[in-house]
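*Asks:* My structure is below; once you've seen it, I'll send some questions.
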Amino acid sequence: MLPEKLHFSPLSRHLVEASFTGGHITSDAGLLLLREVDRQHGLTRRLAKIVPDRRDPGRVQHGLQTLLAQRIYALAAGYEDLNDHDGLRHDYALQTAVNRLQPLAGKSTLGRLEQQADRETVVQAHRLLWEHFIAQHDQAPAEIVLDFDATDVPVHGDQEGRFFHGYYDHYCFLPLYVFCGRHLLVSYLRPSNIDGARHSWAILALLVKFIRRFWPETRIVFRGDGGFCRHRMLDWCDRKQVDYVVGLARNTRLQRMAAPAMQAVAEAYQETGQKMSGVYRFLYQAGSWRRRRLVVSRLEHGEQGANPRFIVVSRFAEDAAQQYYEDYCGRGDMENRIKDQQLDLFADRTSSPRWWTNQWRLMLSAFAYVLFERLRDHLQGTALARMSIHNLRLKLLKIGAVIIRNSRRIRVLISEAYPHQELFAGLVARLKPT
Numbered sequence: 001m002l003p004e005k006l007h008f009s010p011l012s013r014h015l016v017e018a019s020f021t022g023g024h025i026t027s028d029a030g031l032l033l034l035r036e037v038d039r040q041h042g043l044t045r046r047l048a049k050i051v052p053d054r055r056d057p058g059r060v061q062h063g064l065q066t067l068l069a070q071r072i073y074a075l076a077a078g079y080e081d082l083n084d085h086d087g088l089r090h091d092y093a094l095q096t097a098v099n100r101l102q103p104l105a106g107k108s109t110l111g112r113l114e115q116q117a118d119r120e121t122v123v124q125a126h127r128l129l130w131e132h133f134i135a136q137h138d139q140a141p142a143e144i145v146l147d148f149d150a151t152d153v154p155v156h157g158d159q160e161g162r163f164f165h166g167y168y169d170h171y172c173f174l175p176l177y178v179f180c181g182r183h184l185l186v187s188y189l190r191p192s193n194i195d196g197a198r199h200s201w202a203i204l205a206l207l208v209k210f211i212r213r214f215w216p217e218t219r220i221v222f223r224g225d226g227g228f229c230r231h232r233m234l235d236w237c238d239r240k241q242v243d244y245v246v247g248l249a250r251n252t253r254l255q256r257m258a259a260p261a262m263q264a265v266a267e268a269y270q271e272t273g274q275k276m277s278g279v280y281r282f283l284y285q286a287g288s289w290r291r292r293r294l295v296v297s298r299l300e301h302g303e304q305g306a307n308p309r310f311i312v313v314s315r316f317a318e319d320a321a322q323q324y325y326e327d328y329c330g331r332g333d334m335e336n337r338i339k340d341q342q343l344d345l346f347a348d349r350t351s352s353p354r355w356w357t358n359q360w361r362l363m364l365s366a367f368a369y370v371l372f373e374r375l376r377d378h379l380q381g382t383a384l385a386r387m388s389i390h391n392l393r394l395k396l397l398k399i400g401a402v403i404i405r406n407s408r409r410i411r412v413l414i415s416e417a418y419p420h421q422e423l424f425a426g427l428v429a430r431l432k433p434t
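Have a look at this one:
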C-alpha cells in the first residue's frame, strides 16, 4: 500500500513532501500542436482511408484514424514501443490530441493493426507522401533534386528477410530512403543480401513519372553516392532527360587520367605545407558505359597523401568547384534526415517477425517525420527552425501541464516556468483553424 506522503531531505527550514494526488498531469502537452498540424493537412485522416480494417464493425471501439494518430503522435513524443501505450492510453493530452475523451487503445489492439499491413497498403502510403509533397508547392519549381541513400537497420531476432551484411558486420535490413530537400518521399525496407542500388531504378522511374504529371517542365536531378552509379541507371536517366550527380568509385584508370592535376596539387602542398585541393574535369567511359560522360574530380593532398574523389555528372557547369562541393556534397544533409528517422522516430524498431509489419513501422515513422516538418514550416525565422527533431520534441512537445476536464471544457494548465511561452502561443494562433 502506498504511503499518503513521501518525505525527502529538507531544504533549509522547509519540509519536502510529495504525494500521488496531483490529478491528471501530462508531460506531453505539446501534442496538441501536432493535432492542429494534422487537422490542417489531413494526414492521418487520409492514411486511415488506405489501411485495411478487417475488424467486425459491430465490435469496433477505436476508429482507424484514432489508432493511427495515437501511434504516430506517440512516436513523435518519443514513445517507441507498443508496450508504452498500456500507460499512455490514459494520458489526457494524447486522448485530446486524437479527439477522444475515453481511454485509448492498448498495445494489443495497436499490434493487431500493424499486422494487417500489406504491400498495397505500403504502396498507397507512399503515394500519399508524394501527393503531400506536391501539395506543399504553390507552383512548379524550376528544379528538384532527388537524393537516394541506403542505411542499415540492425536486427536481433529471426525476422523475415534478415541477412548478415559483411560491410556493416551484423544482421540487418537495408532500407532505401529518398528525400527532396527536407521532404521524405520513400522509406522502403529491403533485405540486406542485395546490391545497395537494388530497386532504386524502379523507384526513380515511378517518382519521375508521378512528378511529371504535375510538373512537366521541372528539371529533375538524381543524386546519390557511388553505390548508385550503375550504367543502366545512367542510361535510363539519359533517355528520360533526368540529370544526375552521382559518386564514382575510385579506380586506377580514373587516377591515371587525373594524374597531371593531382601532381600539381601535390607540388602545391610540398611548397606550402598546407593541405591543398583542386577540381579537375575530364571525359571518361567505363567499360560498361555506352558513351563517354563528364567526370568531376576533387583532388586533395595533405599529410596522409593524395585523396582524390570522383563524381559523374550529366551537365557541364561553369563552376566545377560548385558542382562538386554544392551540387554533390549537398547530399550530406540527407544523412541528418535519415538520423531523424532512425534515432529520433524509431524507424529501426523492426522487431516483428513479419516483413510487411516492419515495413509499416517505417511508414509510421515517416508520417511522424512529416508532421514535424509541417510544424517546422511555422517556425521559419525562429531559433527552432533548423533544430533536430530531438530538440523540437524537447522544446515543443515535452511540456508539463495539468489537464482538467469537465462536461463543457478541457483546460490545459501549462507550467508558468515553460521557457518558450511566446513562441508556443504564436504557434497556436497560426495553427488554429479560421
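Everything in the sequence shown is counted per the UniProt record's numbering, starting at 1 for the first residue and increasing by one.
Virtual Cβ for every residue (Gly too), placed ideally from N, Cα, C.
1. Sorted by chain position, which residues of the same chain lie with C-beta nearer than 6 Å to residue 69's C-beta, five sequence neighbours on each side aside?
2. If distances are taken between C-alpha atoms only, which option among 86, 297 and 271 comes closest to residue 256?
3. Which residue's Cα is closest to the Cα of residue 26: 346, 96 and 11?
4. Quick check on residue 365: does DSSP put it in helix, strand or coil?
5. Could you name the residues of the same chain whose beta carbon sits closer than 7 Å to that of residue 54, not counting the 5 residues immediately before and after it, in chain order?
6. When DSSP labels each residue in this structure, what does residue 197 get in the three-state scheme?
7. Could you give the first and the last residue of the continuous alpha helix (DSSP H) run that contains residue 229?
8. For residue 220, which three-state DSSP category applies?
9. Excluding sequence positions up to five away, which residues of its chain have a Cβ less than 7 Å from the Cβ of residue 395?
10. Pick from 275, 310, 259 and 324: whose alpha carbon is nearest that of residue 303?
11. Which residue from 127, 272 and 153 puts its Cα closest to that of residue 206?
12. Helix or strand or just coil, what does DSSP make of residue 280?
13. Ends of the beta strand (DSSP E) at residue 291?
14. Let me make sure I understand the geometry here. Which of 30, 153, 5 and 24 has the alpha-carbon closest to that of residue 18?
15. Using a Cβ-Cβ cut-off of 8 Å (strictly less than) and excluding sequence neighbours within five positions of residue 353, which residues of its own chain qualify?
16. Tell me whether residue 313 is buried or exposed, calling it buried when 16 or more other Cβ atoms sit within 10 Å of its Cβ.
17. So if DSSP puts residue 154 in a beta bridge, which residue, or which two residues, is it bridged to?
18. Below 8 Å CB to CB, which residues in the same chain sit around residue 201 once its five sequence neighbours on both sides are set aside?
19. Go ahead and label residue 85 buried or exposed: buried means 16 or more other beta carbons lie within 10 angstroms of its beta carbon, across all protein chains shown.
20. Please go through the region 71 to 103 and give each complete alpha helix (DSSP H) segment of 4 or more residues, from N-terminal end onward.
21. Can you name, in chain order, every residue of its own chain whose Cβ lies under 7 Å from the Cβ of residue 284, other than the five neighbours on each side?
22. Between residue 151 and the rest of its own chain, which residues show a CB-CB distance below 8 Å, the 5 nearest in sequence each way excluded?
23. Can you find the residues in the same chain that come closer than 8 Å, C-beta to C-beta, to residue 404, ignoring five residues on each side of it along the sequence?
24. On a CA-only basis, which of 180, 259 and 153 is nearest residue 192? Give me that one, please.
25. With a CB to CB cut of under 6 Å and the five nearest residues on each side skipped, what residues in its chain are close to residue 289?
26. Alpha carbon to alpha carbon, what distance is there between residue 311 and residue 172?
27. Is it buried or exposed for residue 186, if we count other Cβ within 10 angstroms and need 16 for buried?
28. Can you tell me the Cα-Cα spacing of residue 269 and residue 260, whole angstroms?
29. Report the rounded CA-to-CA distance for residue 146 versus residue 180, giving the unit in angstroms.
30. Tell me which same chain residues have a C-beta within less than 8 Å of the C-beta of residue 415, skipping the five on either side of it?
31. Starting from residue 325, follow its DSSP beta bridges and name the residues at the other end.
32. Starting from residue 187, follow its DSSP beta bridges and name the residues at the other end.
*Replies:* Looking at the coordinates:
1. Excluding five sequence positions before and after residue 69, the CB atoms of its chain that fall closer than 6 Å to its own CB belong to 44 and 98, given in chain order.
2. For residue 256, the nearest C-alpha among the options comes from 297.
3. Nearest option by C-alpha distance: 96.
4. DSSP places residue 365 in helix when its eight states are reduced to three.
5. Taken in chain order, the residues that qualify are 116.
6. Three-state result, residue 197: coil.
7. Per DSSP, residue 229 lies in no alpha helix (DSSP H) segment and is marked neither H nor E.
8. Here DSSP, grouped into helix, strand and coil, assigns residue 220 to strand.
9. Answer for residue 395: 384 and 420, listed in chain order.
10. Considering only alpha carbons, the answer is 275.
11. When 127, 272 and 153 are compared, the shortest CA-CA separation from residue 206 is found for 127.
12. It is a strand residue.
13. Run containing residue 291: none; DSSP gives neither H nor E here.
14. That would be 5, whose Cα lies nearest to the Cα of residue 18.
15. Here residue 353 has 157, 158, 159 and 160 as same chain residues with Cβ atoms under 8 Å from its own Cβ, once five neighbours each way along the sequence are excluded.
16. Buried is the call here.
17. Beta-bridge pairing by DSSP links residue 154 to 172.
18. Only 230, 232, 233 and 236 meet the Cβ criterion.
19. Residue 85 should be labelled buried.
20. The alpha helix (DSSP H) runs of length 4 or more contained entirely in the region 71 to 103 are, from start to end of the chain, 85 to 88 and 92 to 97.
21. Here the set comprises 254, 257, 292, 293 and 295.
22. Excluding the 5 residues flanking it on each side, residue 151 has same chain C-beta neighbours closer than 8 Å at 174, 175, 177, 338 and 342, in chain order.
23. So the list reads 23, 24, 410, 411 and 413, once near-sequence residues are dropped.
24. Per the Cα distances, 153.
25. The beta carbon of residue 289 is closer than 6 Å to those of 231 in its chain, skipping five residues each way along the sequence.
26. Taking the straight line from one Cα to the other gives about 29 Å.
27. By the neighbour-count rule (16 or more Cβ atoms within 10 Å), residue 186 is buried.
28. Spanning the alpha carbons of residue 269 and residue 260 requires a straight line of approximately 15 Å.
29. Straight through space, the alpha carbons of residue 180 and residue 146 are spaced by roughly 5 Å.
30. Within the same chain, residue 415 has close Cβ partners 399, 400 and 401.
31. Beta-bridge pairing links residue 325 to no other residue.
32. Bridge partners of residue 187: 177.
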